[in-house]
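What follows is one structure encoded as structure tokens, with my remarks underneath.
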DNA sequence: GCCCAGGTGGGTA
DNA sequence: TACCCACATGGG
């Protein structure tokens with residue numbers, strides 16, 4: 109079996125095992141996606157959702173409003189998410205930069221190339237590759253596969269990516285194994301697999317549905 | 001009461 | 001380049 113075929117088998121099994129969540133509720137507007145993603149950095153989903161909801165109730169989620177908001181008020185709103193002093197500054201600063209550099213809109217991501225849009229986003233303080241890639245995939249459907257900690261760990265355990273590959277290597281390897289049409293599903297499904305069956309610092313779960321495709325991926329990391 | 005969730009930026013050798 | 005650490009909350 110080629111690596112491509114094995115990757116496809118893994119995706120088939122994941123689609124059978126998990127159902128993809130309903131995307132009606134996720135924000136599609138790029139700035140809201142950006143703020144949500146910043147709030148999700150190093151934070152679990154529940155706290156992220158509470159923080160985003162709280163922030164949304166106090167402010168319109170727009171660059172103009174948040175660039176003019178009081179940092180303390182942003183802190184208060186997102187405290188429940190953790191890392192709130194850093195993130196409140198990041199949110200205000202990002203908003204200000206978007207107003208100044210991009211006329212208050214992230215719409216350039218629709219009209220520029222993936223690389224250009226990615227570089228422009230990553231030039232902003234607080235946006236690293238993961239956050240940029242999430243915005244580009246989720247809001248602009250760009251052909252990019254974000255590598256979060258689960259995607260990184262799982263793809264290495266399943267030997268889809270080399271064990272020492274850095275962010276870019278993992279991303280490009282996964283992108284080469286899958287069709288751009290599947291990037292979103294692969295991203296979501298690898299995260300779901302990681303949370304349930306392939307946790308950090310634990311051996312691969314005995315009932316992990318892709319075990320038969322991963323003969324040597326037994327050890328925790 | 002400890003361990004886990006988990007991205008970015010800044011610092012050190 | 002390759003690692004280490006700060007950031008901070010809520011849930012198991």
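Residue numbers (this note's numbering): 109 to 329.
Where is the CB? At the ideal position from N, CA and C, for every residue including glycine.
Residue i in three-state terms, based on DSSP
| i | result |
| --- | --- |
| residue 149 | coil |
| residue 109 | coil |
| residue 213 | coil |
| residue 360 | For the chain, the structure presents residues 109 to 329; residue 360 sits outside this window and is missing. |
| residue 123 | helix |
| residue 161 | helix |
| residue 311 | coil |
| residue 63 | Examination of residue 63 is not possible in this model, given that the chain is present from 109 through 329 alone. |
| residue 88 | As shown, the chain starts at 109 and ends at 329. That puts residue 88 outside it, with no answer to give. |
| residue 132 | With a pLDDT of 47 at residue 132, under the threshold of 50, the modelled position of this residue cannot be trusted; read the value that follows with caution. Looking at residue 132 - three-state DSSP - the assignment turns out to be helix. |
| residue 115 | helix |
Start-to-end residues for the alpha helix (DSSP H) that takes in residue i
| i | result |
| --- | --- |
| residue 302 | 291–305 |
| residue 228 | 222–230 |
| residue 240 | 237–248 |
| residue 259 | 257–265 |
| residue 282 | 275–285 |
C-alpha distance - residue i paired with residue j, whole-angstrom precision
| i | j | result |
| --- | --- | --- |
| residue 289 | residue 185 | 36 Å |
| residue 202 | residue 274 | 26 Å |
| residue 303 | residue 144 | 20 Å |
| residue 317 | residue 167 | 43 Å |
For residue j and residue i, believed in contact at Cβ under 8 Å, the rounded distance
| i | j | result |
| --- | --- | --- |
| residue 128 | residue 293 | 6 Å |
| residue 225 | residue 200 | In fact, because the Cβ distance is near 22 Å, the residues do not count as touching under 8 Å. |
| residue 146 | residue 198 | 6 Å |
Notebook entry, point to check: Could you give the uninterrupted runs of the alpha helix (DSSP H) lying entirely in the segment 168–204, keeping only those of 4 residues or more?
Noted result: The segment 168–204 contains these whole alpha helix (DSSP H) runs: 171–176 and 179–186.
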